[in-house]
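**Q** My questions will all concern the structure given below.
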Amino acid sequence: MGHPPSRPYGALIHSRIYVIKAAIEKAGSLDLDALIKALEGMVIVSPAGVRWMRPEDHQSMHEAAIGRVSNDVINIGGEMSLVSEIVTLPPLLLFRSMPDYVSPLVKYKIPLTGYEHPVKVR
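Residue numbers (my numbering): 7 to 128.
Below, the structure written as structure tokens:
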């Protein structure tokens, strides 16, 4: 039968494949420099969440999911009881003054929950 996945690797791998696909389509080439340029500033909405490639240092920024689980649950089968709603928060944008800088997650009004499939590039 198998077991439910214990890590979100499937969604992460799916996202990375589509990020590479989108970069190739945007660059129109497999040239490394063209792919790097295409990735800079790219925003991807995927099953793993919203991803943004920060152009100045090529750091992939993404949301963080936060929830709370009960600590008095017997963990049988790897499941936990959720005691509050899971929310997502945009990435912390270090070294920025907010009046001068708007995250692409805000700029493009990308929802922080309810991701759609297939992957969308903005």
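Backbone N, C-alpha and C define an ideal beta-carbon position, used for all residues, glycine too.
#1: Taking buried to mean at least 16 other C-beta atoms within 10 Å of its own C-beta, is Gly3 buried or exposed?
#2: Just tell me which of Trp58, Ala40, Asp37 has its CA closest to the CA of Val25.
#3: Alpha carbon to alpha carbon, how far is Asp37 from Lys43?
#4: Which residue spans inside the region 33 to 72 form an unbroken alpha helix (DSSP H) run of at least 4?
#5: Are the CB atoms of His68 and Gly47 within a distance shorter than 7 Å?
#6: Would you kindly work out how many angstroms separate the C-alpha atoms of Ala40 and Ala28, rounded to a whole number?
#7: Leaving out five residues before and five after Ala33 in sequence, what residues of the same chain have Cβ atoms less than 8 Å from its Cβ?
#8: From Ile30 to His20, what does the alpha carbon distance come to, in whole angstroms?
#9: How many angstroms separate the CA atom of Leu18 from the CA atom of His64?
#10: Could you check the C-alpha separation between Val51 and Pro61 for me, to the nearest Å?
**A** Answer, in terms of the structure:
#1: Because the chain in this structure spans residues 7 to 128, residue 3 falls outside the shown range and cannot be described.
#2: Trp58
#3: 10 Å
#4: 38 to 45
#5: no
#6: 12 Å
#7: Ala40, Leu41, Lys43, Ala44
#8: 16 Å
#9: 17 Å
#10: 17 Å
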